[in-house]
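Right, one structure below, let's go through it.
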Amino acid sequence: MFTSKIEPQICIEGNKLQMVCSVYADNIEVQWYKEKQQLHDCENMLIHINKNQRILTIKKPTVADSGKYYVKAGKVEMEVSVTVKDMFRRPLVDVTIMEGLDTQFEFETEEENVPVQWFYNRKKIVESTERRQIPRLQGRIHTLTILQTSLEDCGKYSIKIKGFDKIVDLNVKEMPKTIKHMSVYDREAFLKAAKTGTTKRYNIRVMIVGKQEAGKTCLLRRLMNEEIGDVKRTDGINIERRKCHIDIKTGEWYFSTC
Numbered sequence: 117m118f119t120s121k122i123e124p125q126i127c128i129e130g131n132k133l134q135m136v137c138s139v140y141a142d143n144i145e146v147q148w149y150k151e152k153q154q155l156h157d158c159e160n161m162l163i164h165i166n167k168n169q170r171i172l173t174i175k176k177p178t179v180a181d182s183g184k185y186y187v188k189a190g191k192v193e194m195e196v197s198v199t200v201k202d203m204f205r206r207p208l209v210d211v212t213i214m215e216g217l218d219t220q221f222e223f224e225t226e227e228e229n230v231p232v233q234w235f236y237n238r239k240k241i242v243e244s245t246e247r248r249q250i251p252r253l254q255g256r257i258h259t260l261t262i263l264q265t266s267l268e269d270c271g272k273y274s275i276k277i278k279g280f281d282k283i284v285d286l287n288v289k290e291m292p293k294t295i296k297h298m299s300v301y302d303r304e305a306f307l308k309a310a311k312t313g314t315t316k317r318y319n320i321r322v323m324i325v326g327k328q329e330a331g332k333t334c335l336l337r338r339l340m341n342e343e344i345g346d347v348k349r350t351d352g353i354n355i356e357r358r359k360c361h362i363d364i365k366t367g368e369w370y371f372s373t374c
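Count the sequence shown with the numbering used here and you get residues 117 to 374, in order.
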């Protein structure tokens, strides 16, 4: 019945999938099946004939279209294995962030340089602005960055890729009042630390607390590399304020002499 074999099919979600076989006569009818279910023409599937070729086309396959397919002509049956890969290596996901920080939506596609459209509350994001940035050279990684995220940026963000839509949420939490009341310098240092997880702080305060006769003054003297032979009991009422320089490369402390 069949004069050609259909090789196993592998495609990426959204790319047209076509299975073609040949029969030895134009008048031979065939039926197509997925597993045990017979297939028919529908919005996303087309079954047609071109002379002695019998063709099954899936216009926009999804991962769910993977499986075993069969084409039957009379009592003869041919099996075809179909694998549809997810278009996303890493999907787009919801983001929750504190206001003032930069938000980044990111996903990775199986194919390179796939056209992508971004939307905010169903309105297309046409191009990059000072706060919303969409890199032009994408490759497989696609990103949307929102600088200094504000509460007004909350909402639904979505992408359209090959006719498929994916919608996620951006939840922006209000900055705590204690941080809002910081100086500009300290607030920027905090936001920087929140982005990276680390920050350099060059001002420190050491407080030694303990019971009476616990040796707090001696401990403080040792920290300052000073002699302890003349230490007198202070009964916990002694307060010393001293400035020192710290070498941030070596960690050494250098106390002033006065």
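No residue lacks a Cβ here, since even glycine has one placed at the ideal position from N, Cα and C.
Helix, strand or coil for ASP363 per DSSP? Sequence index remark: in the sequence shown, residue 363 carries index 247 (1-based). ASP363 sits in coil when the DSSP states are folded into three classes, being neither helix nor strand.
Going by beta-carbon coordinates alone, are LEU208 and TRP234 separated by less than 7 Å? Taking the first residue of the sequence shown as position 1, residue 208 is located at position 92. Taking the first residue of the sequence shown as position 1, residue 234 is located at position 118. Between LEU208 and TRP234, the C-beta spacing is not below 7 Å.
The alpha helix (DSSP H) with ILE122 in it runs from where to where? Counting from 1 along the sequence shown, the entry for residue 122 is found at position 6. That residue, ILE122, is in no alpha helix (DSSP H); it is neither H nor E in DSSP.
Alpha carbon to alpha carbon, how far is ILE241 from CYS127? The residue you call residue 241 lines up with position 125 of the sequence shown. The residue you call residue 127 lines up with position 11 of the sequence shown. Within the model, the alpha-carbon separation for ILE241 versus CYS127 is close to 30 Å.
Based on the DSSP output, what are the partners of CYS137 in its beta bridges? The count along the sequence shown starts at 1 and reaches residue 137 at position 21. Answer is ARG170.
Segment contact, 8 Å Cβ cut-off, at least three pairs: the segment 176-184 with the segment 129-141: A contact is defined here as three or more CB-CB pairs under 8 Å, and the segment 176-184 meets this definition with respect to the segment 129-141.
Using 8 Å as the Cβ pair cut-off and three pairs as the minimum, do the segment 265-283 and the segment 191-202 touch? Result no; under three Cβ-Cβ pairs closer than 8 Å.
Are GLU227 and ARG205 close, meaning C-beta to C-beta below 7 Å? Against the sequence shown, residue 227 aligns to sequence position 111. Against the sequence shown, residue 205 aligns to sequence position 89. In this structure, ARG205 does not lie closer than 7 Å to GLU227 by Cβ.
With DSSP as the reference, identify every bridge partner of HIS164, one or two as the case may be. One-based indexing of the sequence shown puts residue 164 at position 48. Paired residues: ILE171.
Three-way DSSP call (helix, strand, coil) for VAL300 in this model: Residue numbering aside, residue 300 sits at position 184 when the sequence shown is read from its first letter. VAL300 sits in a helix when the DSSP states are folded into three classes.
Using only CA atoms, which one of ILE163, GLU215 and ARG170 lies nearest to GLU304? As a first step, residue 304 is located in the sequence shown; it is residue number 188 there, counting from the start. Out of ILE163, GLU215 and ARG170, GLU215 has the C-alpha closest to the C-alpha of GLU304.
Is GLU246 helix, strand or coil when you go by DSSP? In the sequence shown, counting from the first residue as 1, residue 246 sits at position 130. When DSSP states are grouped into helix, strand and coil, GLU246 belongs to the coil group.
At the level of alpha carbons, what is the spacing between PRO124 and GLY183? Stepping through the sequence shown from its first residue, residue 124 is reached at position 8. Stepping through the sequence shown from its first residue, residue 183 is reached at position 67. Here the alpha carbon of PRO124 sits roughly 10 Å from the alpha carbon of GLY183.
For ILE144 versus ALA189, is the C-beta spacing smaller than 7 Å? Within the sequence shown, residue 144 is the residue found at index 28, counting from 1. Within the sequence shown, residue 189 is the residue found at index 73, counting from 1. Inclusion of ILE144 and ALA189 in the CB contact set at 7 Å is warranted, their separation being smaller than that value.
LEU162 versus LEU155 - alpha carbon distance: Numbered from 1 along the sequence shown, position 46 holds the residue referred to as residue 162. Numbered from 1 along the sequence shown, position 39 holds the residue referred to as residue 155. Looking at the two C-alpha atoms, the distance is approximately 9 Å.
Runs of beta strand (DSSP E) wholly within the segment 196-242 (minimum 3 residues, chain order): DSSP runs (the beta strand (DSSP E)) wholly in the segment 196-242: 204-206, 211-214, 219-225 and 233-236.
Exposed or buried, GLU343, counting other C-beta atoms within 10 Å across all chains shown (16 or more means buried)? Within the sequence shown, numbered from 1, the residue matching residue 343 stands at position 227. Answer is exposed; the Cβ neighbour count stays below 16.
Other residues of its chain near ASN237: CB distance less than 7 Å, five sequence neighbours each side excluded: The sequence position of residue 237 within the sequence shown is 121, counting from 1. Within its own chain, the residues whose Cβ lies closer than 7 Å to the Cβ of ASN237, once the five positions on either side in sequence are excluded, are GLY271 and LYS272, listed in chain order.
Could you give the distance in angstroms between the alpha-carbon of MET291 and the alpha-carbon of LEU335? The residue labelled residue 291 in the question sits at position 175 within the sequence shown. The residue labelled residue 335 in the question sits at position 219 within the sequence shown. C-alpha separation (whole angstroms): 39 Å.
In terms of residues, what are the limits of the alpha helix (DSSP H) holding LYS332? For the purposes of this step, residue 332 is taken as residue 216 along the sequence shown, with counting starting at 1. It spans 332-339 - the alpha helix (DSSP H) in which LYS332 sits, taken as one unbroken run.
What separation, rounded to the nearest whole angstrom, lies between the Cα atoms of GLU193 and ASP142? One-based indexing of the sequence shown puts residue 193 at position 77. One-based indexing of the sequence shown puts residue 142 at position 26. Spanning the two alpha carbons is a distance of roughly 18 Å.
Enumerate in chain order the residues of its own chain whose CB-to-CB distance from GLU129 is below 7 Å, with the five nearest sequence positions on each side excluded. Locating residue 129 in the sequence shown gives position 13, where the first residue counts as 1. Excluding sequence neighbours, GLU129 sits near PRO177, THR178, VAL179, VAL200, LYS201, ASP202 and MET203.
Going by DSSP, what residues sit across from THR261 in a beta bridge? In the sequence shown, the residue the question calls residue 261 occupies position 145. GLN220 and GLN249, per the DSSP bridge assignment.
Under three-state DSSP, which class holds GLU129? The sequence position of residue 129 within the sequence shown is 13, counting from 1. Coil.
On the DSSP bridge list, what partners appear for GLN154? Position 38 of the sequence shown, counted from the start, is the residue given in the question as residue 154. Answer is TYR149.
Please state whether the Cβ-Cβ distance between ASN287 and THR219 is less than 7 Å. By one-based count along the sequence shown, residue 287 stands at place 171. By one-based count along the sequence shown, residue 219 stands at place 103. No.
Does DSSP put ILE344 in a helix, in a strand, or in coil? Working through the sequence shown from its first residue, we reach residue 344 at position 228. Reduced to three states, the DSSP call for ILE344 is coil.
Pairwise C-alpha distance: THR119 and LYS167: What you label residue 167 is simply residue 51 of the sequence shown in a count that begins at 1. What you label residue 119 is simply residue 3 of the sequence shown in a count that begins at 1. Taking C-alpha positions only, LYS167 is separated from THR119 by approximately 13 Å.
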